[in-house]
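Undergrad: Below is one structure. I have some questions about it.
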Amino acid sequence: MSTEPVIELDDVSRVFGSGPTQTTALNSVSLRVMPGEFVAIIGPSGSGKSTLLNVLGLLDRSTSGHYRLNGVDVQLLGESERNRLRNETLGFVFQDSRMLLMDTAAGNASLGLKVRGTPWAARASRVGVALHRLGLMHRMSERAINLSGGERQRVAIARAIATQPAVILADEPTGALDSKNSDSIIAHLRELNQQGVTVVIITHDTTVAAAADRRVEIVDGAIVSDSDHARANELENTRREPAVERERGRSARKRFFIRLWDEFCDALSVHSSKPARALLLLTAFMLGAGGLVCSIGISESAAAQVTERLTRASLDEVVVRSASASAYDEGFYAPEGKAASAIAGLEGVKGTGFVAKISAAEARITLLPSGAVASQPVFGGPILIADAGYLDVLGAAASPSHATDLLSASWAPRVALLGVDAAASLGVGTTGPGAQVWVDGEPVDVVGVIAETGRNPELRDSIVLSQAATGNLTPDNASLVVRTVPGYPAALSEAIPLAVNPGDPSQVRIETVADLRNLRFGVATDLGTLVGIVSVLLLLLASMSSAIAMYLSVQARSPEIALRRALGASRGSVWRLFTMEGLVIGAAGGVSGAALGVCAVVVVCMLQGWTPTLSPSVLVLGLFAGCASGVCSATYPAIVAARADPAIAIRG
Ligand code: ADP
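For the sequence shown, counting from 1, position 14 maps to 13 in numbering that gives the first Met the number 0; every step adds exactly one.
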């Protein structure tokens with residue numbers, strides 16, 4: 000037996016605003032409700048009933064006065080303690096049942112226990128008991144959307160009593176129901192009251208008020224009458240302290256993880272209840288994360304390719320240049336010249352070839368003489384001047400095979416060999432007698448195509464000219480490429496300068512690793528960078544669309560947010576709920592994106608003829624990019640949701 004009031008308001012006021020717009024919604028209200036009472040608070044619209052309910056329900060703070068709930072002075076409590084006290088002591092029933100429509104009756108009835116962090120088994124049994132008391136066991140697996148208005152309101156009562164509260168606060172619980180369902184709801188509340196639960200109903204319905212034992216009338220924020228039929232001393236104290244104590248005894252960490260798991264499941268069910276929206280968002284995150292994985296994969300594979308070629312070249316290749324600017328004109332690089340002959344005589348040398356470059360703008364290579372047609376394309380690819388030895392040391396081959404000899408013939412013919420792609424881009428169909436291109440306004444015979452590119456894949460896109468074909472054009476970057484027996488480059492890089500120019504060896508420059516510019520590295524990284532930029536943009540776009548979708552969802556779900564807060568959910572819990580939604584969709588996008596990225600890398604590498612190279616950390620990066628952009632997209636909506644004032648939100 001308890002003679003302590005469960006609700007004790009002492010001179011409580013609530014004032015909104017200040018200055019001329021100031022409104023006193025509650026004016027020095029004092030009220031004591033004993034355990035087991037059934038009280039109706041009545042009054043005209045605007046009299047302060049909802050404000051009183053918000054103060055009683057710990058959804059709002061009074062401006063002055065004292066409020067003790069179940070013996071606890073709430074004025075002294077911080078927000079998290081108020082949340083817990085609300086969850087453990089109060090059960091709410093609203094005018095509109097505030098169901099999560101896509102969830103089942105049992106799921107809805109268990110919401111307060113979820114917020115509390117009650118383990119699943121205990122939750123199921125308490126919800127079972129609550130639904131049984133409301134005669135709804137047969138509907139427990141039905142989605143709320145398929146329940147009638149009366150059934151939903153009974154589920155709402157089951158939700159309120161599942162947490163075994165000391166007090167049920169009901170705000171116009173029959174306002175949206177017909178008389179038959181109203182009677183049923185009142186009967187259920189009565190029955191609960193007879194079993195010991197304190198019930199406080201806010202209503203303007205006289206029939207409902209008549210069902211209560213005590214009627215408190217409020218006008219202009221002040222209590223004007225109180226029938227005061229307190230039955231406190233006649234009723235047994237049936238407050239559920241032991242059950243509440245058990246919950247409190249459970250470790251806070253365990254309850255946190257139970258809640259976290261529930262928030263994760265709730266996030267999943269939000270997405271599964273809107274599959275089209277979820278699929279669109281997932282696709283956006285997947286493309287972004289996949290693109291990122293793909294771009295890094297392409298760059299890594301290209302880099303691996305370059306490394307492989309460099310390693311190969313460094314084993315058996317040396318590049319020789321003269322420090323003199325006039326070396327080309329002085330015949331330093333001539334096929335049978337002094338330098339080439341001196342190098343050829345050294346031990347470990349397998350062959351020597353000459354190569355230089357000419358700018359496409361200078362050479363102006365066209366298919367027809369200039370002026371023959373109104374406008375014709377000028378070849379824009381790499382243009383090399385080389386001798387037969389160069390193609391030889393690369394392991395390249397021409398078709399017909401003797402065509403390469405013409406590059407070094409002593410009678411200095413003006414000839415060109417075309418890479419396969421270069422021939423296609425110029426529109427040269429056949430080679431041999433009669434086939435010509437025009438170099439700097441002069442005809443040059445096309446004597447063959449480069450059938451095998453050997454070590455320099457760039458030859459596919461290139462035109463190789465004989466020295467005679469270049470007329471007065473100035474070549475750049477001239478060099479002698481020396482193929483050596485594997486392992487000889489280091490020794491030869493010391494011997495060659497002495498052999499070529501014994502008087503002044505410093506005039507001869509040696510490189511032991513192939514020139515990077517001859518490799519497709521540039522092209523490959525360009526592709527990687529492009530894919531990378533596009534995927535970062537896609538990720539941003541995905542985050543933005545997800546943020547907008549989630550922001551709209553926060554607006555649409557404000558009744559749910561209010562309900563969760565009323566049931567005791569903290570701001571942190573509401574924030575986590577929405578953040579989790581972003582995380583779930585972002586993570587799903589990240590996983591599928593990583594898989595998509597791997598497939599794309601394999602396809603690109605197959606097309607380029609590379610070995611796919613992708614470190615596992617890139618997959619982790621894809622997943623991380625998905626998760627991070629998902630969480631980022633949810634940040635603002637989650638903050639908006641968490642900040643919602645429960646007292647305002649609950650008014651709808
Ligand atoms: P009832 O529920 O009886 O209709 P309310 O408690 O909603 O009455 O309102 C009481 C008074 O307080 C009204 O004059 C109302 O305009 C005012 N009021 C309620 N909430 C707010 C608020 N958040 N800001 C300003 N005034 C408010």
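Using N, Cα and C, we set each Cβ at its ideal position, and we do this for glycine too. Model, not experiment: these values are computed from the prediction.
Excluding sequence positions up to five away, which residues of its chain have a Cβ less than 6 Å from the Cβ of residue 499?
TA: 338, 341 and 507
Undergrad: So, with DSSP's three-state summary, where would you put residue 350?
TA: strand
Undergrad: Roughly how many whole angstroms lie between the Cα atoms of residue 438 and residue 295?
TA: 40 Å
Undergrad: For residue 514, collect the residues of the same chain with a Cβ closer than 7 Å to its Cβ; drop the 5 residues on either side in sequence, then sort them by chain order.
TA: Interpretation of residue 514 is limited by its pLDDT of 45, a score under 50 that renders its predicted location unreliable; no figure is taken from the coordinates.
Undergrad: If residue 208 and residue 202 are in contact, beta carbons under 8 Å, what's the gap, nearest whole angstrom?
TA: The C-beta distance from residue 208 to residue 202 rounds to 6 Å, short enough to fall under 8 Å.
Undergrad: Closer than 5 Å between the C-beta and any heavy atom of the ligand ADP: which residues qualify, listed along the chain?
TA: 15, 22, 24, 44, 45, 46, 47, 48, 49 and 50
Undergrad: For the candidate residues 370, 225 and 142, whose alpha-carbon lies nearest to that of residue 272?
TA: 142
Undergrad: Applying the criterion that 16 or more other CB atoms from any shown protein chain within 10 Å of the CB defines a buried residue, is residue 227 buried or exposed?
TA: Burial call: exposed.
Undergrad: Classify residue 144: buried if its beta carbon has 16 or more other beta carbons within 10 angstroms, exposed otherwise.
TA: exposed
Undergrad: Are the CB atoms of residue 620 and residue 291 nearer to each other than 8 Å?
TA: yes
Undergrad: Which partner residues of residue 221 appear in the DSSP bridge assignment?
TA: 218.
Undergrad: How long is the line joining the alpha carbons of residue 444 and residue 435, rounded to whole angstroms?
TA: 5 Å
Undergrad: Is it a yes or a no for the segment 374-389 touching the segment 345-363, going by three-plus beta-carbon pairs under 8 Å?
TA: yes
Undergrad: Tell me which same chain residues have a C-beta within less than 6 Å of the C-beta of residue 63, skipping the five on either side of it?
TA: The answer, listed in chain order, is 12.
Undergrad: Give, in chain order, every unbroken run of the beta strand (DSSP E) that is at least 3 residues long and sits entirely within the segment 44-117.
TA: Counting whole runs of 3 or more residues, the segment 44-117 contains the beta strand (DSSP E) stretches 63-68 and 89-92.
Undergrad: Taking only runs that begin and end inside the segment 422-449, name each unbroken beta strand (DSSP E) of 3 or more residues, in chain order.
TA: 435-438
Undergrad: As a quick exercise: from 196, 480 and 216, pick the residue whose alpha carbon is nearest that of residue 321.
TA: Closest by alpha carbon: 480.
Undergrad: Rounded to the nearest angstrom, what separates residue 459 and residue 418 at their Cα positions?
TA: 4 Å
Undergrad: Measuring CA to CA, which of 165, 528, 270 and 104 is closest to residue 576?
TA: 270
Undergrad: With a cut-off of 8 Å, do at least 3 Cβ pairs link the segment 596-604 to the segment 293-309?
TA: yes
Undergrad: Based on Cα-Cα distance, which residue from 325, 440 and 133 lies nearest to residue 360?
TA: 440
Undergrad: Could you give the distance in angstroms between the alpha-carbon of residue 159 and the alpha-carbon of residue 30?
TA: 23 Å
Undergrad: DSSP state of residue 528, grouped into three classes?
TA: helix
Undergrad: Would you check if the segment 625-632 and the segment 537-546 touch, i.e. whether three or more CB-CB distances between them fall below 8 Å?
TA: yes
Undergrad: List the endpoints of the continuous beta strand (DSSP E) containing residue 201.
TA: Taken as a continuous stretch (DSSP letters only), the beta strand (DSSP E) holding residue 201 covers 197-201.
Undergrad: Look at the Cβ atom of residue 117, then the Cβ atom of residue 164, and state whether they are nearer than 8 Å.
TA: no
Undergrad: So, does the segment 444-457 touch the segment 358-377, judging by three or more C-beta pairs under 8 Å?
TA: no
Undergrad: Quick test of your reading: residue 592 and residue 288, contact by CB under 8 Å. State the CB separation rounded to the nearest angstrom.
TA: 3 Å
Undergrad: With a CB to CB cut of under 8 Å and the five nearest residues on each side skipped, what residues in its chain are close to residue 46?
TA: Residues 217, 218, 219 and 220 of the same chain have their beta carbon placed closer than 8 Å to that of residue 46, with the five preceding and five following residues left out of the count.
Undergrad: Tell me the DSSP secondary structure of residue 378 in three-state form.
TA: coil
Undergrad: To the nearest angstrom, how far is it from the Cα of residue 488 to the Cα of residue 409?
TA: Looking at the backbone, the Cα of residue 488 and that of residue 409 are separated by about 30 Å.
Undergrad: Among the candidates 388, 613 and 328, whose CA atom is the shortest distance from the CA of residue 471?
TA: 328
Undergrad: Relative to the alpha-carbon of residue 182, which residue among 167, 211, 197 and 195 has its alpha-carbon at the smallest distance?
TA: Residue 182 has its Cα closest to that of 211, out of 167, 211, 197 and 195.
Undergrad: Is it right to say residue 284 is buried, meaning 16 or more other beta carbons lie within 10 angstroms of its own, or is it exposed?
TA: buried
Undergrad: Take residue 389 as the anchor and find which of 107, 54, 463 and 430 has the nearest alpha-carbon.
TA: 463
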